[in-house]
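Below you'll find the structure, written out as structure tokens, and then a few comments.
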RNA sequence: GCGGGCGUGGCGGAACUGGUAUACGCACACGACUUAAAAUCGUGAGCCGUUAGGCAUACGGGUUCGACUCCCGUCGCCCGCACCA
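Residue numbers (our numbering): 171 to 1055.
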């Protein structure tokens, strides 16, 4: 069945829902979500409900979901993400906050160029068409977004300011050009930042990356390494997991640099170590195959060159690395031990030393490092223990195949003897510094951020290269540097570089012929500051200080955990760098972060062909899953993240056409906790749809049976029945509010079900007196308000049916009456020796003695006590009485 | 290997700060309405047992009047990082 056919079939109900004859016979019509949702979306739009302006007299709340890449269609992950954000936005607005909730497009990137190449569509028109389509899909979700602040990073009105910010960074020394080994992605034909290499492969293409030496632009994120690390401690509304991942990525290590003199030479080898306390146990020096010393050796020694080539060929990817044997090539160089006069150490090129960490060279201390030990055993090097574990005897302690890597007492180590590891580290560091052979140091794993990409569809780097003047900033009056439209994508490599004229310009400084930078920015640059641009998206400056000072930080940011390092770390850096050059006043852009789980679905496969099948190609016959077309058996696989490759996808627009936006929103919020993965099922959607219909029916039937509800006012006296209903309403308010505050949307959904169930139990003829009508009115009003953030269209429909002329979207959140959320009776569990024997009703906060007496009088309690006298009675007021015998 | 998370009915999950385990939903069964079905409404249900009761929150211990919750150990699953010196 095509999507269109499904949509037509589902226009007014779920599959195989009601027949027309039945609907005609019914006294009430079914809730028509298609009509209602369009109506209320138009009403919100006409009233401009969700537009936000700076207003320092009101408390602000900035809710942001990670903006989407305009691939063309929204997927269920978007639906889940944006629904959660929308619940928060609508709730906070109702709670009186001035809410900023914008939407935009992360619009640069390689897929547009691939589309250009494959379908002969210009990246710009491909992108803008996709945006138009996705915007329409998002609008149908009924999101409380301020569309007047929409932005797209591919628009010159956005990237112009990015170029300004970059030039500010350049001037402040935060951006620089450097020749370095870079990660080259042979498929995407561009370089990648360290963070974008996963298991030795490009994050997007999946191709094994190659090392190339190129001159590229970097941003000085390492200037902020310490601060980015320290400030994690203050991000108390971030998931612990994300903070840990960033901490590991930044990778701070304290230790020392040690510079070893080389026998008969003037230069030295510098190593980094976290264990200067083990220096006396050194038995060799090892350098990376990419180290300068290794390269030098390769020129003179073909065997060294061969070894290096072998190491590079082995690659650095995947589990193969783990199994890889420690191997080395001995050089004709000896190093002098700085703390042991006369002692020299052999120098090796070793396959396990990484050029990108520390200095690309180490000293080997086999007794106290497993890798060094493996290496030493292979090449028959000395193993001298210098750290004695607590409780071991110096005479008998020996290292065989397992290195001792913990702390202990230092021995065999000259002036360090007798010290504990910590003190020895300090003393060794101080001694090295005194001798000029090294110094205590702290290093970071974090590297500077490589932002050059050899691509067309990105923000041009606003630099002109001049033979005489070097790299020169494009003057402000010439910004933006626009992308040329007339480019071709047939040739591999960078289309901007291939363009016949674009790069040829005069040097702004000396006027001589010069060349434009043809690299564009990594698209993570675009997304590193969009949250700030949203505060004043049309301003002539990158940001309007008054606006960002009012709106930032983002109070609640919501997105996928896959951005835990890349995007979130870059954005934290950008905030600091933008502060340094005067655009912002704060360091941390996101005060609160929530990472939502993925949307999963079962997978289906045809065992005959091995092809994956779409959920709509499959149907259930009894307990068997079969192909809808042929009836052939299929294999049902485990539930996995929805993905095009496994075809376990359900398109949001089909669901919205068939069941409405409210149903889709309700379903993604129900059942699974938001931080966990959720399972998309047809039955679940239908359950949500049925509930929406049930709410509408409940409201309609009550109003039909009791027209007095609409005008009901608070009467002088309350009946018990009315008070009971009022309690249910106020408990629901208190519970749902608390759940939304704590991001427990699935619990809020469950509470609303319970509340609706309670209303459903009210008999038709009951509560027809003034008190009852008032309680009924309050209940329906409460129901509409509580579902408001989740099913906003149905909520408006109910709200209007209760006689309101205002929009629920502009109505304050209800307050729970504290008197009504506490019962005057408590159900108390009675235990004997911790086992439940009875439950009894007691007046709330009754005397302990009363509780005890009542408990001991219970028949089941007496039976369980078996004639024994109570040794002790534990009374927890309003909860439990435990009789210990 | 290092770091983190998780383990509760047939399924998704709830249970606040240690106080009635299994809320709520899905699926299921039965009943009502119907010529019939769908939709809707109602009822039931952790397991064993006729009842009394017993046993159950991955497994084994511990602390406590009382443990899904805290502590120790074991097993399993998931995620991140990884030759990081």
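Idealized CB from N, CA, C, for every residue including glycine.
One thing to note: residue 210 has its Cβ within 7 Å of the Cβ of residue 963.
For residue 355, the enclosing beta strand (DSSP E) begins and ends at 345-355.
In the DSSP assignment, residue 910 falls within the alpha helix (DSSP H) that extends over 890-911. Taking 3 residues as the minimum length, the beta strand (DSSP E) runs contained wholly in the segment 700-760 are 726-730, in order along the chain. With 16 or more other Cβ atoms from the protein chains shown falling within 10 Å of its own Cβ, residue 686 counts as buried. For residue 673, DSSP assigns no beta-bridge partner whatsoever. In the DSSP assignment, residue 641 falls outside any alpha helix (DSSP H) and lies within the beta strand (DSSP E) extending over 640-643. Excluding its 5 nearest sequence neighbours in each direction, residue 696 has C-beta neighbours in its own chain below 6 Å: 278, 323, listed in chain order. If you look at residue 516, you'll find it isn't in any alpha helix (DSSP H); it sits in the beta strand (DSSP E) that goes 514-520.
In its chain, beyond the 5 residues on either side, 453, 454, 534, 536, 552, 553 have a beta carbon closer than 8 Å to the beta carbon of residue 546. Here the C-alpha atom of residue 722 lies approximately 51 Å from the C-alpha atom of residue 933.
In this structure, residue 636 lies near residue 684, with their beta-carbon atoms less than 7 Å apart. In this structure, residue 984 lies near residue 903, with their beta-carbon atoms less than 7 Å apart.
Taking a C-beta distance under 7 Å as the contact criterion, residue 610 and residue 426 qualify as a contact pair.
Minimum Cα-Cα distance from residue 699 among the listed residues 729, 738, 638, 690 corresponds to 738. Counting every other CB atom within 10 Å of its CB across the protein chains shown gives residue 680 a total below 16, marking it as exposed.
Between residue 613 and the set 442, 576, 506, the nearest pair of CA atoms involves 442. In the three-state scheme derived from DSSP, where H, G and I count as helix and E and B as strand, residue 581 is classed as coil.
One alpha carbon belongs to residue 1004, the other to residue 901, and they sit about 30 Å apart.
Spanning the alpha carbons of residue 229 and residue 316 requires a straight line of approximately 17 Å. The beta-carbon distance between residue 581 and residue 558, rounded to whole angstroms, is 5 Å. This is short enough to meet the 8 Å contact definition. In the displayed model, residue 864 falls within a helix according to three-state DSSP.
According to the DSSP assignment, residue 295 belongs to the alpha helix (DSSP H) that extends over 293-310. When secondary structure is reduced to three states using DSSP, residue 543 falls in the helix class.
According to the DSSP assignment, residue 657 belongs to no beta strand (DSSP E), since it is labelled neither H nor E. Relative to the Cα of residue 421, the nearest Cα in the group 302, 359, 444 belongs to 444. Residue pairing of residue 795 in beta bridges, as defined by DSSP: 790. DSSP places residue 385 in the uninterrupted beta strand (DSSP E) bounded by 380-389. Counting every other CB atom within 10 Å of its CB across the protein chains shown gives residue 953 a total of 16 or more, marking it as buried. When Cβ pairs closer than 8 Å are counted between the two stretches, the segment 757-774 is seen to touch the segment 407-416, the count reaching three or more. Excluding its 5 nearest sequence neighbours in each direction, residue 594 has C-beta neighbours in its own chain below 6 Å: 447, 580, 586, listed in chain order.
Note on the segment 975-1039: whole alpha helix (DSSP H) runs with a minimum of 4 residues are 1018-1027, 1029-1035, in chain order. The segment 617-625 and the segment 348-362 touch, with no fewer than 3 CB-CB distances between them shorter than 8 Å. Contact between the segment 282-292 and the segment 243-257 is absent: fewer than three C-beta pairs spanning the two stretches fall below 8 Å. Counting along the chain, no beta strand (DSSP E) covers residue 932, and no H or E run does either.
Residue environment for residue 842: buried (at least 16 other C-beta atoms within 10 angstroms of its C-beta).
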